[in-house]
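Protein sequences appear in the order of chains A and B. Just so you know, this note's numbering puts 175 at position 175 of the first sequence, and the rest follows in order with no gaps. Just so you know, this note's numbering puts 1077 at position 77 of the second sequence, and the rest follows in order with no gaps. Think of the CB as a built atom: it goes at the ideal place given N, C-alpha and C, for glycine as much as any other residue. If you're wondering where the values come from, they're calculated on a predicted model, not measured in any experiment. Worksheet for the structure shown next.
Protein chains: 2
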Amino acid sequence: MSDNNLVISVDAMGGDNSPRVVVEGIHIAHKKNPDINFILFGDEVKVAEEMKRFPKLKDFCRVVHTDEYVHNEDKPSQVIRNKNTSMYMAIDAVRRGDAAAVISAGNTGALMAISKMILKTIQKIHRPAICTNIPHKNGMCVMLDLGANTECSAVNLAEFAIIGNILARHSLEIERPRIALLNIGAEEMKGREEIHQAAKMIKNTHLDLNFIGYIEPHQISEGYADVIVSDGFTGNIALKTMEGTAKLVSGLLKSSIKNSVLAKLGLPFLLPVIWNMKKTMDPRKYNGAMFVGLNGLSVKSHGGTDAIGYSYAIDNASKLVRQNFVQTIREEVEHVDLDELSQEILYDVY
Amino acid sequence: MSDNNLVISVDAMGGDNSPRVVVEGIHIAHKKNPDINFILFGDEVKVAEEMKRFPKLKDFCRVVHTDEYVHNEDKPSQVIRNKNTSMYMAIDAVRRGDAAAVISAGNTGALMAISKMILKTIQKIHRPAICTNIPHKNGMCVMLDLGANTECSAVNLAEFAIIGNILARHSLEIERPRIALLNIGAEEMKGREEIHQAAKMIKNTHLDLNFIGYIEPHQISEGYADVIVSDGFTGNIALKTMEGTAKLVSGLLKSSIKNSVLAKLGLPFLLPVIWNMKKTMDPRKYNGAMFVGLNGLSVKSHGGTDAIGYSYAIDNASKLVRQNFVQTIREEVEHVDLDELSQEILYDVY
């Protein structure tokens, strides 16, 4: 466990069925990522009990004991003060340089607050963002911000474009990701002022050739772009709308089958269809919201996911860790002065 | 045609297949709405040609000739000056008091710009909103604003709540509509400041008991609320995301069937399911975006819809017209001073 770029720290106590799901998730993820090592923070007795099921785990996992942990109902303002929780210690392992990323299935607000407080934003990045991969008809794209920032300036949006570009390259393995700003129209004057300014700024960075302008929400699922950039309020609205609509349409499919005698008779014919839809839409595949822009990667797994879902969150983090995601951001922002660009664009307007 | 509350003016030349779709749409709508009369603005020869197919139409339709009309590529700033287009004349019929509502399937931007310019907002209403009915798992709800205002103040949002409440009562026939503000969380402090302020204001109006607080986008399709209020940017994002996701999931269903030999064999069993899903999700049923808050109702039909879709837009407008929608808004805002409320809430905070 010498190269900390290949170490992930884990809050073993976060999530609905921890540490069982966490330990089994690591076991599954390790098959795909044999080069990654793990530090697990949590109750050593409970963790050891779960690890007994997978004897090989002790070769690449280290357990650090603590009997305190963050509860779901805890307020972020309270938990940031307690340095002895499994979540705090797992994040702190990244700050101390012992790990390159941290994963927790625990309290989202707490994870974000502690991560932000102790990892701090990368120099020249003003705000962190929440990001996830979402499906479209031909594959996946990266979407950010999904809720870290209720309001964003043009500079924030341009920074998210830079980070999103790296995410798509590292995590989706797209060589030249097409970057778009989420907006309500394709025309230059549609939407909000900060979006127009961000578009002008992005055109003046190294992302110029990859930037395809504005994307409207119904075009996301068509696969028009690989990186979708928005403020956290808009991104969160879009993400939750997707979730609700997908549920509505699948619910409609289910009730239509249920209400049709003919369809019920034909159910055996339908099974491969239902199976394929379930597989493609499986939320476990998209598990793992990444908190990016900090000195270290912080990943939130869904609290109710199972071991397979947890392993996807690890997979995704592993890809980024293996490619030195954080260091790449540092290098790319080194050569772009967005604040200066922002000033230039302002002068341009008036 | 004495009672102008029951007259709808129609831009016979707007839309992809006008005036054919328009005339046939009126024919279909008339069966459900025999008390409504129509004034059609457009090329009298072309309109008369289409009306020949439905001889009864002349009993409740009047045609006013003009040979100019708004093209899809026309800019709103240009068309607002030409008083001789079928669209302008149809809207002007509402201003003159000859009709209570106007319907057009033409250029959206032009319809909104001309409507706003000549109908003007109702006294005490600061901004008009675009509104439509959207489906949820148990029925329909009203959503506004869907794009008229990129940014909104708390006063604007509270006004939309008042208008939305009347819309749900008149158009969806819900006696006590549950009103909610679209937000990214249920907690009081989540989301943007203007939403928090709007919540406080609404609690101080006659809507108090109907107001259920914040709704998150994934709850819309669960049918948690009957009126969903947001600024036009957010509403447009949510609406277009619904559209895209519904298409993605149905596309997935189609390709899953196509790729399964078994499912193809079982297609006859599936037909009622596909038919039921198509029926429920039929976009024609939700046709007709209403431009509300003006002295008269302005309705935009989808440009590419067919006669059935057009008839749904008429149906919806008819319901509102019959119940004196605009007059009801005037009466309800008469007794609420939102500007004053807004001041009080500001003092409350500081």
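{"query": "Ordered list of alpha helix (DSSP H) runs contained in the stretch 1192-1228 of chain B, each at least 4 residues", "result": "1193-1203, 1217-1220"}
{"query": "Minimum Cβ-Cβ distance from A/Arg-192 to chain B less than 7 angstroms", "result": "yes"}
{"query": "Inter-stretch contact (C-beta, 8 angstroms, three-pair minimum) for the stretch 266-275 of chain A and the stretch 115-133 of chain A", "result": "no"}
{"query": "contact_flag[the stretch 1155-1162 of chain B, the stretch 1305-1313 of chain B] where n(CB pairs < 8 angstroms) is 3 or more", "result": "no"}
{"query": "A/Met-242 (DSSP reduced to helix, strand or coil)", "result": "helix"}
{"query": "Under 9 angstroms by beta carbon: chain B residues contacting A/Ser-256", "result": "Pro-1272, Val-1273, Ile-1274, Trp-1275, Asn-1276, Met-1277, Thr-1280"}
{"query": "Distance between B/Glu-1216 and B/Glu-1344 (C-alpha atoms, nearest Å)", "result": "28 angstroms"}
{"query": "Cα-Cα separation, B/Gly-1191 to A/Ser-230", "result": "15 angstroms"}
{"query": "Cβ distance (whole Å) where B/Gly-1109 is taken to contact B/Pro-1055 below 8 angstroms", "result": "The pair is not a contact, with the Cβ atoms about 36 angstroms apart (cut-off 8 angstroms)."}
{"query": "Reduced DSSP secondary structure (H/G/I, E/B, other) of A/Tyr-350", "result": "Here A/Tyr-350 scores only 47 on pLDDT, less than 50, and its place in the model should not be relied on; the value that follows carries that caveat. Coil, per DSSP."}
{"query": "Assigned exposure category for A/Glu-159 - 16 Cβ within 10 Å defines buried", "result": "buried"}
{"query": "Spatial neighbours of A/Val-23 in its chain, beta-carbon cut-off 6 angstroms, leaving aside the 5 residues before and after", "result": "Glu-50, Met-51"}
{"query": "Beta-carbon neighbours of B/His-1218, restricted to chain A and to distances below 8 angstroms", "result": "Lys-240, Thr-241, Glu-243, Gly-244, Lys-247"}
{"query": "Cut-off 8 angstroms between Cβ atoms - residues of its own chain near A/Tyr-350, not counting five sequence neighbours on either side", "result": "In this prediction, A/Tyr-350 has a pLDDT of 47, which is less than 50 and means its spatial position is unreliable; what the coordinates show is noted afterwards. Cβ within range, chain order: n/a, list empty."}
{"query": "Interface partners of B/Asn-1236 on chain C, CB under 7 angstroms", "result": "Absent here is chain C; the protein component of the structure consists of chains A and B."}
{"query": "Beta-carbon proximity of B/Ile-1237 to A/Thr-234, cut-off 7 angstroms", "result": "yes"}
{"query": "Partners in chain A for B/Ile-1161, counting only beta-carbon separations shorter than 9 angstroms", "result": "The residue asked about is misnamed: residue 1161 of chain B is Ala in this sequence, not Ile. Simply none; closest approach about 18 angstroms."}
{"query": "A/Ile-202 vs A/Ala-180 beta-carbon contact at 7 angstroms", "result": "no"}
{"query": "Of the residues A/Asn-72, A/Asp-74, A/Asp-67, the one placed nearest A/Met-377, counting alpha carbons only", "result": "With chain A represented from 1 up to 350, any question about residue 377 of chain A goes unanswered, as that position is not in the structure."}
{"query": "A/Asp-59 versus B/Val-1261 - alpha carbon distance", "result": "46 angstroms"}
{"query": "Supposed contact pair B/Ile-1163 and B/Leu-973 - C-beta distance, whole angstroms, cut 8 angstroms", "result": "In the structure displayed, chain B extends from 1001 to 1350; residue 973 of chain B sits before or after that span and is not available."}
{"query": "7 angstroms CB neighbourhood of A/Asn-5 in its chain, flanking five on each side removed", "result": "Ala-100, Val-321, Asn-324"}
{"query": "Chain-order list of residues whose beta-carbon lies under 6 angstroms from that of B/Ala-1105 (same chain, five-residue window excluded)", "result": "Gly-1014, Gly-1015, Ser-1301, Gly-1303"}
{"query": "Rounded separation between A/Leu-207 and B/Asp-1208 - CA only", "result": "49 angstroms"}
{"query": "3 or more residues per run - each beta strand (DSSP E) lying fully within the stretch 1238-1296 of chain B", "result": "1289-1292"}
{"query": "DSSP state of B/Arg-1062 mapped onto helix, strand, coil", "result": "strand"}
{"query": "Per-residue burial, A/Ala-199 [other beta carbons within 10 Å of its own, 16 or more giving buried]", "result": "buried"}
{"query": "For B/Glu-1024, the three-state DSSP class (helix, strand or coil)", "result": "helix"}
{"query": "Neighbour-count burial assignment, B/Asp-1035, 16 or more Cβ in a 10 Å radius", "result": "exposed"}
{"query": "Within-7 angstroms CB hit, A/Arg-330 to chain B", "result": "no"}
{"query": "7 angstroms Cβ cutoff met for B/Cys-1061 and B/Phe-1038", "result": "yes"}
{"query": "6 angstroms Cβ shell around B/Ser-1318 - same chain, five flanking residues per side excluded", "result": "Asn-1033, Ile-1036"}
{"query": "DSSP three-state assignment for A/Ile-125, whether helix, strand or coil", "result": "coil"}
{"query": "Buried or exposed (CB count within 10 angstroms, at least 16 for buried), A/Lys-240", "result": "buried"}
{"query": "Whole alpha helix (DSSP H) elements within the stretch 1295-1341 of chain B, 4-residue minimum", "result": "1307-1322, 1325-1334"}
{"query": "Whole-angstrom distance between B/Thr-1085 and B/His-1218, CA atom to CA atom", "result": "42 angstroms"}
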